[in-house]
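**Student:**
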Amino acid sequence: MENLRINRLDQILAEAKPRIAQHWSFFMGAGLSGFTPTTVARVDKLIDTYFERLKALPDGASRTAILREIETLFRRLDEVNASCDGALLETDERELLVPIIIEAASAAGLSVGEFEHNDPTLEFRNF
862 MENLRINRLD
872 QILAEAKPRI
882 AQHWSFFMGA
892 GLSGFTPTTV
902 ARVDKLIDTY
912 FERLKALPDG
922 ASRTAILREI
932 ETLFRRLDEV
942 NASCDGALLE
952 TDERELLVPI
962 IIEAASAAGL
972 SVGEFEHNDP
982 TLEFRNF
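Numbering (the numbering used here), first residue to last: 862 to 988.
1) What is the rounded straight-line gap between the Cα of Asp871 and the Cα of Leu950?
2) If we count Cβ pairs, one from each stretch, closer than 8 Å, do we get three or more for the stretch 924 to 943 versus the stretch 872 to 882?
3) Tell me whether the stretch 913 to 923 and the stretch 965 to 980 touch, counting them as touching only if at least three CB pairs, one residue from each stretch, are closer than 8 Å.
4) Which of the three DSSP states is assigned to Pro981 in this structure?
5) By how many angstroms is the C-alpha of Leu874 removed from the C-alpha of Ile961?
6) What span of residues does the alpha helix (DSSP H) with Phe935 cover, start to end?
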């Protein structure tokens, strides 16, 4: 089972990366405040780290362990966003990133249906 979980997480990230890169490229090209190569690279690294940490969890990881990874990710995303006066992570980024984060948590074993709107990120996110 572990290989299936890890393979699924790798697949989710591989499918998400081109969409994320296209999003960053569009908004950097538009010259919007906050969208710099440095800030988007920091977000990309945080997403990569989230996936690596989920893959490092054992099969059958506890709900608490997976939620801890989500909380850590959102705390760090908030730090990046604060470094650009909140101009990086807004509605468009939430609509892009949150489904990917939830899908990964589900692949890691979290029963997302237990959460309001099937969204375990609600209590942790500020964007």
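Glycine included, C-beta positions come from ideal geometry on N, C-alpha and C.
**Tutor:** Once the coordinates are examined:
1) Taking the first residue of the sequence shown as 1, we reach residue 871 at position 10. Taking the first residue of the sequence shown as 1, we reach residue 950 at position 89. Rounded to the nearest angstrom, the two C-alpha atoms are 24 Å apart.
2) Contact annotation: the stretch 924 to 943 does not touch the stretch 872 to 882, with fewer than three C-beta pairs closer than 8 Å.
3) As far as the Cβ criterion goes, the stretch 913 to 923 touches the stretch 965 to 980, which means the pair count is three or higher.
4) The count along the sequence shown starts at 1 and reaches residue 981 at position 120. Reduced to three states, the DSSP call for Pro981 is coil.
5) Here residue 961 refers to the residue found at position 100 of the sequence shown. Here residue 874 refers to the residue found at position 13 of the sequence shown. Whole-angstrom Cα-Cα distance: 8 Å.
6) Your numbering for residue 935 matches position 74 in the sequence shown. In the DSSP assignment, Phe935 falls within the unbroken alpha helix (DSSP H) covering Arg924 to Ser944.
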